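Engineer: Going by this note's numbering, the residue at position 98 of the sequence shown is 98; the numbering climbs one at a time, nothing skipped.
Heads up, the beta-carbon is just placed ideally off N, CA and C, and yes, glycines get one too.
Remember, it's a predicted structure, so these values are computed and weren't measured experimentally.
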Amino acid sequence: RIISALFLAETMQQANSDAEVMVLHNIDKTHRLKREVGELFDAADTSGDGLLTFDELETLLTHKKVRAWLTELGINPNDTQMLFELLDDGDGAVDKDEFVNGVAKLKGEA
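1. Among residues of its own chain, excluding the 5 on either side of A93, which ones have a beta-carbon nearer than 7 angstroms to its beta-carbon?
2. Can you grab the Cα-Cα spacing for the pair L8 / E20, in whole Å?
3. Let me know the beta strand (DSSP E) ranges lying completely inside the segment 63 to 110, each 3 residues or longer, listed in chain order.
4. Could you tell me which of V103, V37, L60 sits nearest to A44, measuring between CA atoms?
5. Would you call the segment 80 to 96 and the segment 19 to 34 in contact, with 3 or more CB pairs under 8 angstroms?
6. Taking the continuous alpha helix (DSSP H) assigned at D55, which residues delimit it?
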């Protein structure tokens, strides 16, 4: 019984450790994703005003690598209007926070 209890205690401790590592890994992945999406926003904001217009998003989505990356994230890049409306808070332009958090949220729902 003592050996079984020790084995069980060790197994539970290892499972908790594995869960902590997985949580930290997921947090790191989320931070990395947001950084990469932020860099994508900066590249797409050709006017440099800190806002992404529909036309700028449409231009961004013409790039094969961007389309492939969004598809890999589970985001459909084929409907620019729908994507823009999902990211926009209603003011007709998407700021960096809306873009980064919106893509991260859409990725999370995929």
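Structural biologist: Working from what's here:
1. One-based indexing of the sequence shown puts residue 93 at position 93. L51, L52, T53, listed in sequence order.
2. Against the sequence shown, residue 8 aligns to sequence position 8. Against the sequence shown, residue 20 aligns to sequence position 20. Taking the straight line from one Cα to the other gives about 18 angstroms.
3. none
4. For the purposes of this step, residue 44 is identified with residue 44 of the sequence shown, where counting begins at 1. Residue L60 is the option with its Cα nearest to A44.
5. no
6. Taking the sequence shown and counting its residues from 1, one reaches residue 55 at position 55. Note, D55: alpha helix (DSSP H), 54 to 60.
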